[in-house]
Amino acid sequence: MSDNSSKSYLITGRKDCGTFDRLEIEELQKIPKQFSLFILAFLALQGRPLEGSSLGSNEVHPAAQFPEIAGIHGLPYTPWIGDPRYAKSDFDLKDAKDTHPVPSRFGGYCNHGSVVFPTWHRPYVMAIEQAIGDIATELAKGFVSTYPTGEASADEWTDAARVLRFPFWDWASEKVQTEGVPDVLKVEKLEIETPQGAKMVDNPLAYYRFPPKSIPEGFQDEVLHPDKPAVKAYFSQWERTFRHADSTPTPDKSNNAEMDQIFKDNAECIRRRVSDLFTFPDGLDPAKEWDEFSNHTTESLSKEERCNIDSLESIHDTIHVFIGGNGHMSHPDYAGFDPIFYLHHCNVDRLLALWEYVYPKYYMGDGYTHNGRTYPFTQARGTYSLVYNSQLVGTTPLAPFRGAKGEYWTSDQAHYVDGKYYSYPPVNGVDVSVSITSKQRIKAREKLQAYYGVGGYILSDRAPDVIETGRNFSDKPRRLGNVAYKVPAVDKGYEVVDDYFRMVIIVQASEFAMNGSYSIKLYYNEDAESDEEGTLIGTMAVFARPDRSPCAGCSMRRDAGSTIRSVIPVPLSIAEKIRRDTRDKIVEVFESRLRASIFNRSGVEVGRAQNLSATSSVGFLKQAIPEITLVSSAARYKIDDEQKAGPVEWFNFENHGKVFEGHTAWQTV
1 MSDNSSKSYL ITGRKDCGTF DRLEIEELQK IPKQFSLFIL AFLALQGRPL EGSSLGSNEV
61 HPAAQFPEIA GIHGLPYTPW IGDPRYAKSD FDLKDAKDTH PVPSRFGGYC NHGSVVFPTW
121 HRPYVMAIEQ AIGDIATELA KGFVSTYPTG EASADEWTDA ARVLRFPFWD WASEKVQTEG
181 VPDVLKVEKL EIETPQGAKM VDNPLAYYRF PPKSIPEGFQ DEVLHPDKPA VKAYFSQWER
241 TFRHADSTPT PDKSNNAEMD QIFKDNAECI RRRVSDLFTF PDGLDPAKEW DEFSNHTTES
301 LSKEERCNID SLESIHDTIH VFIGGNGHMS HPDYAGFDPI FYLHHCNVDR LLALWEYVYP
361 KYYMGDGYTH NGRTYPFTQA RGTYSLVYNS QLVGTTPLAP FRGAKGEYWT SDQAHYVDGK
421 YYSYPPVNGV DVSVSITSKQ RIKAREKLQA YYGVGGYILS DRAPDVIETG RNFSDKPRRL
481 GNVAYKVPAV DKGYEVVDDY FRMVIIVQAS EFAMNGSYSI KLYYNEDAES DEEGTLIGTM
541 AVFARPDRSP CAGCSMRRDA GSTIRSVIPV PLSIAEKIRR DTRDKIVEVF ESRLRASIFN
601 RSGVEVGRAQ NLSATSSVGF LKQAIPEITL VSSAARYKID DEQKAGPVEW FNFENHGKVF
661 EGHTAWQTV
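Quick note: the UniProt record's numbering has the sequence shown finishing at residue 669, numbered continuously throughout.
So, in structure tokens, the structure goes:
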């Protein structure tokens, strides 16, 4: 390894410690020594170490300090010091990546809206896991030195540090609907264990406090509504990260109650969207299916080719905005500074690991096939390390992350969790660390569908080994009774799910219409004449930077009129009601009962559509009006050699057209 390479902060994972599970944060909290080391190490990483020499040495590598890791995702848009080789050897004033867009050559490392979104974030989470693990190891050494020689309990600290891995928060778990965000991610103080006894410490998961007078360069206050300039997010003045903060330079705290309510209200929709990730059929173009799964733009597929399933990135976007509100997590430039960012992305990585496990053939590879020709994916927007229109293949470097040999990580290397010294606990018996056969993968898909609630009634009478005992699917559809329903033809090896009618709402929204993040909520009201919102169907969110952000990728997407795509499953009970009407009236009936509202990231409604007959002034809202399309399908399931039912798939799609087309149904609020 060269001298330059040795100066890089190499992302290897916890290579000297074996392979252990990343635990859900509340499960980690039940293991006192591991949890205590994690909290103390995270505090040290943030520059807030617990005082007292008895806690041992916790020097932090400069590249692994929290502001450095956080800045990789966005501001202050400077090269990461963990990759010093790049700035010295690759900078070229004649190179487009170094000179455009003006005024800043540095466009950031952002990889959103492309097929490398999930793989780029994998070594990113590994970086903070490695940093915290290294500190925890040093802390444990200090703890051991405080015990008498030979005392067995001293070794427990060493073992705890060795097995510690970065935790995730499963925001799609069932209990989110009743409990919201776990307290461990919100409370200002936590009790931990030390050799000297229990101690109360600041909670490094609830917020990050910037060092005095050290808010990063480029943080700016932002107006949240063009008609209300006094309502701002005070990013240049907030001395710590906030979630759903009051619009003042000095808020007392995050509004956790507001955040909790948003998660409770949307919990069922999030679970439906996650469950659908495991309904992709077999035998399709591997690269195209990876494209549809991995990101919210989908470069390779026509509308006719899509499986009408949401993407991992789109769900990820929604969680960002739910957590942040008007605070840091809703803004890509600042999100990396909220500690919850890493628990969120650890869960994104977990879902990626599960998906890779059950769909091992679906991957970007060298590109997708169209009319017999292979086309590579592209990063048309460019990044700090990629010239505009660079090809994205499995060997494309994932800067700024370098591996053990000093070379950049690639998606091929990031693909799968194997060899990265971490895994995840089994989900309904699906263990990504265990090798399985093709038939077992099909069974694993069925188990994941059951766990997250795909068509609860479809799976409700399956064998106990498919569904965990005691699970409560709250959205069980009833049979459609006497409704006339023509059973569609089905391929060999499948059976149709009797009388099953699935509906999804496909939302295409402008990425930059609101000059930042925003959300679109969809409601259903049986009374078409009512002004009430009715039942919440679901929420899609756009996770976007404002027009003054230096992000090169965002600048290019803005110029190109980039749109974000989300697929919102309609609750099956509502789909049943719609299905009672004749098929040629589905859109007419559904549109009369559908409500759509646009909210800025502070939660203020700025526009709505509600089957209005007269055109209203849409003003600034014109660019934000989304394209909303209704699509239905039937359901089928695989059957094995013994005629046993397997995982559910969607087929026989029917596009019922757009609702709220044009501006005639929209008005500002």
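Even glycine gets a Cβ: it sits at the ideal position worked out from N, Cα and C. All values reported here derive from a predicted model rather than from experimental measurement.
Measuring only the C-alpha atoms, how far is residue i from residue j?
i	j	result
P49	E174	35 angstroms
Y77	S632	44 angstroms
D155	E193	15 angstroms
V432	H415	13 angstroms
W80	L351	28 angstroms
R243	K521	20 angstroms
Y363	Y342	24 angstroms
I128	S573	43 angstroms
K30	F38	12 angstroms
F235	P249	8 angstroms
G429	Q440	11 angstroms
T12	T374	33 angstroms
A172	P148	45 angstroms
N655	K303	10 angstroms
R14	G150	27 angstroms
residue 671	R502	Residue 671 is absent from the model: the chain starts at 1 and stops at 669.
K658	I505	10 angstroms
A596	V223	24 angstroms
F45	A63	For clarity, residue 45 is Leu in the given sequence; the question names Phe instead. Distance between the alpha carbons of L45 and A63 is about 11 angstroms.
Y384	N111	10 angstroms
F512	A541	12 angstroms
K141	G453	45 angstroms
Do residue j and residue i come within 9 angstroms of each other at the CB atom, strictly closer than that value?
i	j	result
Y109	P400	yes
A257	V176	no
T146	T563	no
A509	S566	yes
A136	L40	yes
H345	V125	yes
W355	P123	no
H316	V348	yes
R445	F337	no
L594	A575	no
V184	Q34	no
S390	R601	no
L536	D265	yes
A233	S247	yes
Within 10 Å of its beta-carbon, does residue i have 16 or more other beta-carbons around it, so buried, or fewer, so exposed?
i	result
W650	buried
T539	buried
Y186	Note that residue 186 corresponds to Lys in the displayed sequence, not to Tyr. Buried, because 16 or more other Cβ atoms sit within 10 Å of the Cβ of K186.
K447	buried
M200	exposed
P226	exposed
S411	buried
T178	exposed
Q196	exposed
P118	buried
N371	exposed
E292	buried
D134	buried
E217	exposed
G493	exposed
G18	exposed
P426	exposed
S57	Annotation note: pLDDT 43 at S57 (below 50); position unreliable, coordinate value reported separately. S57 should be labelled exposed.
A404	exposed
Using 8 angstroms for Cβ pairs, my map puts residue i next to residue j. What's the rounded Cβ distance?
i	j	result
R273	P569	7 angstroms
V507	I628	6 angstroms
K638	P647	6 angstroms
I28	P167	The question names Ile, but residue 28 is Leu in the sequence shown. Yes, they are in contact, since the Cβ atoms of L28 and P167 sit about 5 angstroms apart, within 8 angstroms.
H121	T241	About 19 angstroms; that fails the 8 angstroms criterion.
R402	S8	5 angstroms
E591	F660	7 angstroms
D21	Y518	Contact doesn't hold; Cβ gap of about 36 angstroms is too wide.
S311	S300	About 13 angstroms separates the two Cβ atoms, so there is no contact after all.
G325	G603	6 angstroms
Examine the ligand ADP and report whether any of its heavy atoms sits within less than 8 angstroms of the Cβ of residue i.
i	result
G516	Of ligands this structure carries none, so the ligand ADP is not represented either.
Secondary structure, beta strand (DSSP E): runs of 3+ residues fully inside the region 256 to 336: none
3 or more residues per run - each beta strand (DSSP E) lying fully within the region 178 to 210: 189 to 194 and 197 to 202
Whole alpha helix (DSSP H) elements within the region 391 to 467, 4-residue minimum: 411 to 414, 438 to 452 and 456 to 459
Complete alpha helix (DSSP H) runs within the region 586 to 663 (minimum length 4 residues, chain order): 586 to 593
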